[in-house]
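Top to bottom, those sequences are chains S and W. The first sequence maps to residues 25 to 136 in the working numbering. The second sequence maps to residues 4 to 121 in the working numbering. Structure record follows, encoded as structure tokens.
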Amino acid sequence: NAGVTQTPKFQVLKTGQSMTLQCAQDMNHNSMYWYRQDPGMGLRLIYYSASEGTTDKGEVPNGYNVSRLNKREFSLRLESAAPSQTSVYFCAGRDRDSYEQYFGPGTRLTVT
Amino acid sequence: GNSVTQMEGPVTLSEEAFLTINCTYTATGYPSLFWYVQYPGEGLQLLLKATKADDKGSNKGFEATYRKETTSFHLEKGSVQVSDSAVYFCALRPYFNAGGTSYGKLTFGQGTILTVHP
Numbered sequence: 025n026a027g028v029t030q031t032p033k034f035q036v037l038k039t040g041q042s043m044t045l046q047c048a049q050d051m052n053h054n055s056m057y058w059y060r061q062d063p064g065m066g067l068r069l070i071y072y073s074a075s076e077g078t079t080d081k082g083e084v085p086n087g088y089n090v091s092r093l094n095k096r097e098f099s100l101r102l103e104s105a106a107p108s109q110t111s112v113y114f115c116a117g118r119d120r121d122s123y124e125q126y127f128g129p130g131t132r133l134t135v136t
Numbered sequence: 004g005n006s007v008t009q010m011e012g013p014v015t016l017s018e019e020a021f022l023t024i025n026c027t028y029t030a031t032g033y034p035s036l037f038w039y040v041q042y043p044g045e046g047l048q049l050l051l052k053a054t055k056a057d058d059k060g061s062n063k064g065f066e067a068t069y070r071k072e073t074t075s076f077h078l079e080k081g082s083v084q085v086s087d088s089a090v091y092f093c094a095l096r097p098y099f100n101a102g103g104t105s106y107g108k109l110t111f112g113q114g115t116i117l118t119v120h121p
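So, in structure tokens, the structure goes:
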């Protein structure tokens, strides 16, 4: 099993450009999450999906959209990137039985 | 709301030194508590957890005890190694039940960078 995978690993965007961060899991998770990690601030929840077909805002949703394409995939879209969105983005899936979250390796995004 | 506060870092130790990273939390009810570790260039991995008061989580020589009276979950290791150099995050998950709406969301502390020198 690959676990939780994310693409790309690194990305540089110019202000105003758009892009989609991809996340996929093969662990049969119902719930999936997108976090951003900034120095001195820990991880903050952007959006989550409790199950296929549902999404909800987290702590810092502004400037982002998400799509739960199917049970395996949960993508994060930046429609018009801003320098404030420079961060490391992590996707996670939650185990149905233990409720533990399993994290992907992250995407390091720089917006210039 | 829920919050987690970790000791200020970074922490620099020599190999075989004793490690303590403090973590305190604010939450209603009885949250579950976690320590995650992030090695350079990698995602977060669950290090240990405790789900009720007085529980002790342990893994790889690390320990933490859920202290409800002091709302704390301090991480300790008796003898650190160079390979323990990483960022450590304390986190809580509110009490979750099948009819609840928390969906297992985690609240993280700001992270503590640990560097261990030979």
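C-beta: ideal position from N, C-alpha, C; glycine also.
Own chain, CB closer than 8 angstroms to residue i, minus 5 neighbours either side, in chain order
i, result
"V84 (chain S)", "R60, R68, L69 and I70"
"V85 (chain W)", "E18, V119, H120 and P121"
"L16 (chain W)", "L22, V83, L117, T118, V119 and H120"
Closest Cα partner of residue i within the set the options
i, options, result
"P43 (chain W)", "W:L95, W:D87 and W:C93", "W:D87"
"G4 (chain W)", "W:A30, W:E19 and W:N25", "W:A30"
"Y72 (chain S)", "S:D62, S:G87, S:S99 and S:M43", "S:S99"
"E72 (chain W)", "W:H120, W:C93 and W:T27", "W:T27"
"V112 (chain S)", "S:G82, S:G66, S:R96 and S:S75", "S:G66"
"Q23 (chain W)", "W:G60, W:K59 and W:E79", "Checking the displayed sequence, the identity of residue 23 (chain W) turns out to be Thr instead of Gln. Per the Cα distances, W:E79."
"Q30 (chain S)", "W:F65, W:M10, W:Y39 and W:G46", "W:G46"
"Y39 (chain W)", "W:Q9, W:Y98 and W:H120", "W:Q9"
"S82 (chain W)", "W:E66, W:S75, W:L95 and W:T74", "W:E66"
"L109 (chain W)", "W:Q41, W:R96, W:F76 and W:S61", "W:R96"
"C115 (chain S)", "S:L37, S:S108 and S:R92", "S:R92"
"D58 (chain W)", "W:S35, W:Q41 and W:N25", "W:S35"
"Y33 (chain S)", "S:A48, S:G130 and S:T78", "The residue you asked about is not Tyr; residue 33 (chain S) is Lys in the sequence shown. The shortest Cα separation from K33 (chain S) among S:A48, S:G130 and S:T78 belongs to S:G130."
"M162 (chain S)", "S:R120, S:D80 and S:T78", "As displayed, chain S neither begins before 25 nor continues past 136, which places residue 162 (chain S) out of reach and without an answer."
"F76 (chain W)", "W:Q41, W:A20 and W:F92", "W:F92"
"A20 (chain W)", "W:R70, W:G114, W:G64 and W:A56", "W:G64"
Per DSSP, cross-strand counterpart(s) of residue i
i, result
"M43 (chain S)", "S:L102"
"I24 (chain W)", "W:L78"
"E66 (chain W)", "W:S61 and W:E79"
"L109 (chain W)", "Answer by DSSP bridge pairing: none, since L109 (chain W) is not bridged."
"D80 (chain S)", "S:Y72"
"S88 (chain W)", "For S88 (chain W), which the question treats as bridged, DSSP gives no partner whatsoever."
"R92 (chain S)", "S:F98"
"R60 (chain S)", "S:R68 and S:Y113"
"Y98 (chain W)", "For Y98 (chain W), which the question treats as bridged, DSSP gives no partner whatsoever."
"R120 (chain S)", "In the DSSP output, where bridge partners are listed per residue, R120 (chain S) has none listed."
"Y39 (chain W)", "W:L49 and W:F92"
"Y126 (chain S)", "S:G117"
"T29 (chain S)", "S:A48"
"S6 (chain W)", "W:T29"
Same chain, Cβ closer than 7 angstroms to residue i, five either side skipped, listed in chain order
i, result
"A101 (chain W)", "Any reading at A101 (chain W) must be qualified, since the residue scores a pLDDT of 49, below 50, and its modelled position is unreliable; the value itself is stated next. Cβ within range, chain order: n/a, list empty."
"S61 (chain W)", "L51"
"Y98 (chain W)", "G32, Y33 and P34"
"V135 (chain S)", "L37, T39, A105, A106, P107, Q109 and T110"
Same chain, Cβ closer than 6 angstroms to residue i, five either side skipped, listed in chain order
i, result
"I116 (chain W)", "G12, P13 and V90"
"S6 (chain W)", "T29"
"F37 (chain W)", "K52 and A94"
"R118 (chain S)", "H53, S55 and Q125"
"T68 (chain W)", "K59"
"T54 (chain W)", "S35"
"N25 (chain W)", "M10 and H77"
"Q48 (chain W)", "V40"
Beta-carbon proximity check, residue i vs residue j, cutoff 9 angstroms
i, j, result
"G128 (chain S)", "A106 (chain S)", "no"
"R101 (chain S)", "T39 (chain S)", "no"
"Q35 (chain S)", "R132 (chain S)", "yes"
"Y57 (chain S)", "G27 (chain S)", "no"
"G107 (chain W)", "Y123 (chain S)", "yes"
"E76 (chain S)", "N89 (chain S)", "no"
"Q46 (chain S)", "E97 (chain S)", "yes"
Of the residues that make up the stretch 86 to 107 of chain S, which ones have a beta carbon closer than 9 angstroms to any beta carbon in chain W? Listed by position along the chain: nothing, the set is empty.
Output needed in chain order: residues of the stretch 118 to 135 of chain S with a Cβ under 7 angstroms from some Cβ in chain W. Residues R118, Y123, E124, Q125, F127, G128, P129 and G130.
Using a Cβ-Cβ cut-off of less than 7 angstroms, list which residues of the stretch 57 to 73 of chain S approach chain W; keep chain order. Listed in sequence order: G64, M65, G66, L67, L69 and Y72.
Please list the residues of the stretch 33 to 45 of chain W that have a C-beta atom closer than 9 angstroms to any C-beta atom in chain S, keeping them in chain order. Here the close residues are S35, F37, Y39, Q41, G44 and E45.
If contact means a Cβ-Cβ distance below 7 angstroms, which residues of the stretch 27 to 56 of chain S contact chain W? Those residues of the stretch 27 to 56 of chain S that come within reach of chain W (Cβ to Cβ, closer than 7 angstroms) are S55.
Short of 9 angstroms Cβ to Cβ, which residues in the stretch 54 to 79 of chain W face chain S? Within the stretch 54 to 79 of chain W, not one residue has a Cβ closer than 9 angstroms to any Cβ of chain S.
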